[in-house]
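Participant: In my numbering, the protein residues as written are 325 to 482.
Even glycine gets a Cβ: it sits at the ideal position worked out from N, Cα and C.
A quick note: this is a predicted structure, and the numbers were derived from the prediction, not measured.
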């Protein structure tokens, strides 16, 4: 039994890879659901193509799919396409919701830690010779963030 312990959206799935390498000619790979096996129709088809090359059948328990016969292969392709369609609809609705939220003035992402005035003060302190480490401590920022704020002046000046 091969069971992934990582997030479902992770692109690196070592247990799935190990399972696919483990099965051989005449074996049947059993999965609980199609969406547990792959994250997209393309990925699912790639997996099934690899299994077919190895002469391995696929059995999906919840959807009662068995690719060892023509009917099972047809059902597999129909359900995987419908699943991908649902995923794309969900994504489109999400993007619509984000666009409407932005129209209402909702801001996404991490809030800015410094105001424009604070950035100017940070840049002035650096020009006066203050070390980056001291600026990091004084403003509670990472080195990358301090450097990004320091580079803003350079970029806006050219």
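Could you give the C-beta distance for residue 446 and residue 463, rounded to a whole number, given that I count them as a contact under 8 Å?
Facilitator: Yes, they are in contact, since the Cβ atoms of residue 446 and residue 463 sit about 6 Å apart, within 8 Å.
Participant: Quick check: the Cα distance between residue 393 and residue 403, rounded to an integer number of angstroms?
Facilitator: Rounded to whole angstroms, residue 393 to residue 403 spans 16 Å at the Cα level.
Participant: Does DSSP put residue 377 in a helix, in a strand, or in coil?
Facilitator: Note: residue 377 maps to helix in three-state DSSP.
Participant: For the putative contact between residue 372 and residue 382, defined by C-beta atoms under 8 Å, what is the C-beta separation to the nearest angstrom?
Facilitator: Contact flag correct, Cβ pair sits at about 6 Å.
Participant: Can you list, in chain order, the residues of its chain whose CB lies under 8 Å from that of residue 278, leaving out five sequence neighbours each side?
Facilitator: It is not possible to answer for residue 278, since the shown part of the chain is limited to 325 through 482.
Participant: List the endpoints of the continuous beta strand (DSSP E) containing residue 353.
Facilitator: Its beta strand (DSSP E) spans residues 352 to 355.
Participant: In the structure shown, what three-state DSSP assignment does residue 397 receive?
Facilitator: Looking at residue 397 - three-state DSSP - the assignment turns out to be helix.
Participant: By the 10 Å Cβ neighbour count, where 16 or more other Cβ atoms means buried, how is residue 417 classified, buried or exposed?
Facilitator: It counts as exposed.
Participant: Go to residue 451, then tell me how far its alpha helix (DSSP H) extends in each direction, as first and last residue.
Facilitator: Here the alpha helix (DSSP H) through residue 451 covers 440 to 451.
Participant: Here's the rule I'm using: 16 or more other beta-carbon atoms within 10 Å means buried, otherwise exposed. How should residue 430 be labelled?
Facilitator: By the neighbour-count rule (16 or more Cβ atoms within 10 Å), residue 430 is not buried but exposed.
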